[in-house]
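Those protein sequence lines, which keep their order, are chains B and C. For the first sequence, the numbering used here begins at 2 and goes up steadily by one. For the second sequence, the numbering used here begins at 2 and goes up steadily by one. All C-beta atoms in this analysis are idealised placements derived from N, C-alpha and C, irrespective of residue type, glycine included. This one's a predicted model, so the numbers in the text were calculated from it and none came from an experiment. Report on one structure; see the data block that follows.
There are 2 protein chains.
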Amino acid sequence: MRQQLVFFVTLVMLASCTVKKSGERDEVPGTISADVEHASGDSNAVSMESLFGKPAHEIKTIGILVYNGVNDLDVIGPRYVLGQAMGVETKLIAINKGNIKTVMGVELVPNTVIDSVSRLDVLIIPGGFTGTVEAVYNKALHTWIRKIDETTVYTGAVCTGVWILGATGLLEGKRASSNWYREEEFLEKFKAIPANERYTHDGKYWTSAGVTAGMDMSLAIMQEIYGSNYAQAVMLDMEYDPHPPLLGGTPDRTKPAIARMMRTLYDGGINPLIDSLEKRSGPKIIQ
Amino acid sequence: MRQQLVFFVTLVMLASCTVKKSGERDEVPGTISADVEHASGDSNAVSMESLFGKPAHEIKTIGILVYNGVNDLDVIGPRYVLGQAMGVETKLIAINKGNIKTVMGVELVPNTVIDSVSRLDVLIIPGGFTGTVEAVYNKALHTWIRKIDETTVYTGAVCTGVWILGATGLLEGKRASSNWYREEEFLEKFKAIPANERYTHDGKYWTSAGVTAGMDMSLAIMQEIYGSNYAQAVMLDMEYDPHPPLLGGTPDRTKPAIARMMRTLYDGGINPLIDSLEKRSGPKIIQ
């Protein structure tokens, strides 16, 4: 319904922009207000064109990969933000048939499977934990990603999903970011250039830091395609003015003992799996 | 799996805290490092107790309400954060049997239905759009929420989910926040005291601003129950160091024409529904 609503923007634009109520909070002057006055000439009669302009790219299909063990927010963050693109079909695409369970145990019903998808305008590859490591060794998946990538305007990955994209070889020589966990080590395994940013855009390839960074990256993709005004409308819809209750979110901003504990926790969960998968993968993928 | 991993914290704590590698990023000194040195005496041999301490409350069951048209991130943000509570069962609880579709069209498989749940330690009520307005007029749902509230340590609501909680009467005389859209107007309808905060905590009742604010509120709940160190571990897991690509997320930080357009868009979607539901609701609920 939210998607349908977004389609109604064109219908309500004139009404919304010719009605001006006194004392509305959005009448508060400021840099942004000044910007829109400048952009529209008159915020009482701003036109669709002056507010949103024409998209930089024609996007019709967005696909987000899902699999057992995928991180809940790696999927739903980008799905929510990119799903607000106007006139676009956004699908959750599973590796295999059937429902999937996220890393937190939430059961999702995918829209389709990779074997039924031959082209996409935007592909997003979310991360996770052990399920992601398994996908890093899934050569049939890599073949599909490379085939889809030939058709995309943008190919992106979130968090440890960057490991999957990296394993396809598509990040070789590209600046990239990924989850904080062993970030440089993994990016270098895939011959990517560690950028250590919240999200990184190198040519058509977008990569982000962990989990919640997928929302920032997706908003930046919306801004690139539909412009800042459209991205700002999406940000207001999701009331995205974050105020974490305490400092944290990166190893540098986290108490050393906690960051070490988390890294050791992750090592204990994936190192044995990488060892066993590496043994039967033939040509080395990670080690 | 992530949940299971969290249970392993106790097993890996000593290992993680007795291994100190030179040049680790988390060795960077700073206020937080100083804090942990102070808290633990020695970050090389910090104990489980000094790092996490005892929970302020014993929490065993967390339920998040879901329904057709619920906002994807209102559900998955809190589900992801609160689901990392140690030894806790976290359920998505549907109003009716069967799968639900989010406001963005994602199909979820709930864990159970309200008729099968008689008590919870924490109840979270997410918002959405027209599906939320329907829930505001669902008196059987209100009865269930009031019954569950008698058993909770915390009852919370995110975004327009605050309208549902407000309709039960449980927010009367309580400070509360909600989605930016007509925030004071709706809170006053439910005799709550508008706090206009990112999230608000009045006694056992937690309420938050729209969509993404549910993550901030959930982290604050984790901090209250398990302490700052545990909340910081969860923040690092989700790499929650947000960097939106542009200014926005509240009406005051949004171009006036865009904020008016969004408000008019929402008015057009829900006002006719409120009018029709109000006519058959008997005692007035909103109007």
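(request) For residue 202/B, go through chain C and note every residue whose CB falls closer than 9 Å to its CB, in chain order. (result) What residue 202/B touches in chain C: nothing, since even the nearest Cβ is about 10 Å away.
(message) Is there a C-beta anywhere in chain B that falls below 8 Å from the one on residue 229/C?
(response) yes
(message) Short of 9 Å Cβ to Cβ, which residues in the segment 138 to 157 of chain B face chain C?
(response) none
(message) Taking CB distances under 8 Å as the criterion, tell me whether residue 254/C reaches chain A.
(response) In the structure shown, chain A cannot be found, because the protein chains are B and C.
(request) Please state whether DSSP places residue 63/B in a helix, a strand or coil. (result) strand
(message) Can you pull out the residues from the segment 180 to 193 of chain B whose beta carbon lies closer than 8 Å to at least one beta carbon of chain C?
(response) 180, 181
(request) Write down the C-beta distance between residue 160/C and residue 228/C rounded to the nearest angstrom, noting that I regard them as a contact closer than 8 Å. (result) Contact flag wrong, Cβ pair sits at about 27 Å.
(message) Rounded to the nearest angstrom, what separates residue 1/B and residue 182/B at their Cα positions?
(response) Coverage of chain B is limited to positions 2 through 288, which leaves residue 1/B absent and any answer about it impossible.
(message) Just to confirm the assignment, what range does the beta strand (DSSP E) spanning residue 126/B have?
(response) 123 to 126
(request) With a floor of 3 residues, list each beta strand (DSSP E) that falls wholly inside the segment 115 to 163 of chain C, ordered by position along the chain. (result) 123 to 126, 155 to 159
(request) Assign residue 192/C to one of two classes, buried (16 or more other C-beta atoms within 10 Å of its C-beta) or exposed (fewer than that). (result) exposed
(request) Would you mind working out which of 208/C, 89/C, 187/C sits nearest residue 126/C, comparing C-alpha positions? (result) 208/C
(message) With H, G and I counted as helix, E and B as strand and the rest as coil, what does DSSP make of residue 277/C?
(response) helix
(message) Looking at the secondary structure, which residues open and close the alpha helix (DSSP H) in which residue 76/B lies?
(response) 73 to 83
(request) Check residue 242/C in the structure and name its three-state DSSP category. (result) coil
(message) Taking the alpha-carbon of residue 154/C as reference, which of 59/C, 103/C, 177/C, 176/C has the nearest alpha-carbon?
(response) 59/C
(request) Round the Cβ separation of residue 194/C and residue 176/C to the nearest angstrom and send it over; I've been treating them as touching at under 8 Å. (result) 5 Å
(request) Please state whether DSSP places residue 176/C in a helix, a strand or coil. (result) strand
(request) Give every residue of the same chain whose Cβ lies closer than 8 Å to the Cβ of residue 224/C, excluding the five residues on either side of it in the sequence, and list them in chain order. (result) 231, 232
(message) Do residue 226/C and residue 134/C have their beta-carbon atoms positioned less than 8 Å apart in this structure?
(response) no
(message) What residue range does the beta strand (DSSP E) around residue 92/C cover?
(response) 90 to 95
(request) Quick one: residues in its chain with C-beta nearer than 8 Å to the C-beta of residue 273/B, no 5 flanking neighbours on either side, listed in chain order? (result) none
(message) Taking the alpha-carbon of residue 171/C as reference, which of 203/C, 260/C, 243/C, 212/C has the nearest alpha-carbon?
(response) 203/C
(message) Does the segment 75 to 86 of chain B come into contact with the segment 63 to 74 of chain C, if we say contact requires no fewer than three beta-carbon pairs (one atom in each stretch) closer than 8 Å?
(response) yes
(message) Across the segment 256 to 269 of chain C and the segment 236 to 244 of chain C, are there enough close Cβ pairs to call them in contact, namely three or more that are closer than 8 Å?
(response) no
(request) Give the residues of chain B in contact with residue 58/C, contact being defined as C-beta atoms less than 7 Å apart. (result) Here the premise fails: no neighbours, minimum Cβ distance about 17 Å.
(request) Verify whether the separation of the beta carbon atoms of residue 112/B and residue 96/B is less than 8 Å. (result) no
(request) Spell out whether any CB of chain C is found under 8 Å from the CB atom of residue 177/B. (result) no
(request) Could you work out which residues of chain B lie near residue 94/C, taking near to mean beta carbons separated by less than 7 Å? (result) Under the 7 Å cutoff, chain B gives no residues; its nearest Cβ is about 13 Å from residue 94/C.
(message) Against chain B, which members of the segment 247 to 281 of chain C pass a CB distance test of less than 9 Å?
(response) 247, 248, 249, 250, 251, 252, 253, 254, 255, 256, 257, 258, 259, 260, 261, 262, 263, 264, 265, 266, 267, 268, 269, 270
(request) Could you tell me whether any Cβ in chain C is nearer than 8 Å to the Cβ of residue 240/B? (result) yes
(message) Relative to the C-alpha of residue 91/B, which candidate in 141/B, 122/B, 251/B, 99/B has its C-alpha closest?
(response) 122/B
(request) Taking 8 Å as the cut-off, decide whether the C-beta atoms of residue 110/B and residue 149/B are in contact. (result) no
(message) In the DSSP assignment, the beta strand (DSSP E) including residue 203/B goes from what residue to what residue?
(response) 200 to 203
(message) In the DSSP assignment, the beta strand (DSSP E) including residue 171/C goes from what residue to what residue?
(response) Here residue 171/C belongs to no beta strand (DSSP E), and DSSP marks it neither H nor E.
(message) Just to confirm, is the Cβ distance from residue 295/B to residue 65/B under 8 Å?
(response) Lying before the first or after the last residue shown, residue 295/B is absent from chain B, which here runs from 2 to 288.
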